[in-house]
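Residue numbers (my numbering): 24 to 185.
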């Protein structure tokens, strides 16, 4: 019986508090409802892929190379692209093929699956064995630190980092 009286007393206390504090409880309930609705709405909106703004990605500056990505009109392009042109204007020889090609990277993937990244005439090429670079050189072999290219019957060895 005492337990029932204690529970009844607590219920009476809660009723008195609610009657006396209606001016505070109703606005707080409405505020809580609005906050939870807003939280659910923004959580759903941020899950949409087009809801997030595109963040600009700065290119790598080391040795004037862009190794992973570059920015072109707020669009990010990631390797491997088969061919891409450099964005910045640099002084080039009159004949773009007068300067020798440069081996700037090698990705090892197994026999016949190795990839060479070669700069030639202001363009960067991603080539595998048997591919043509700049429509001139054929990639004959790609090794860990070098690539062998052929122009007509002449073989040229490109070393990584030289």
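Even glycine gets a Cβ: it sits at the ideal position worked out from N, Cα and C.
The shortest CA-to-CA distance from residue 174 to any of 46, 123, 27 and 131 is the one to 123. Annotated three-state conformation of residue 63 is helix, per DSSP.
Residue range 25 to 43 is occupied by the alpha helix (DSSP H) that includes residue 25.
Here the alpha carbon of residue 136 sits roughly 10 angstroms from the alpha carbon of residue 150. Residue state for residue 49 is assigned as helix, using DSSP reduced to three classes. With fewer than 16 other Cβ atoms from the protein chains shown falling within 10 Å of its own Cβ, residue 64 counts as exposed. Boundaries of the beta strand (DSSP E) harbouring residue 174: 169 to 174, taken from the DSSP string.
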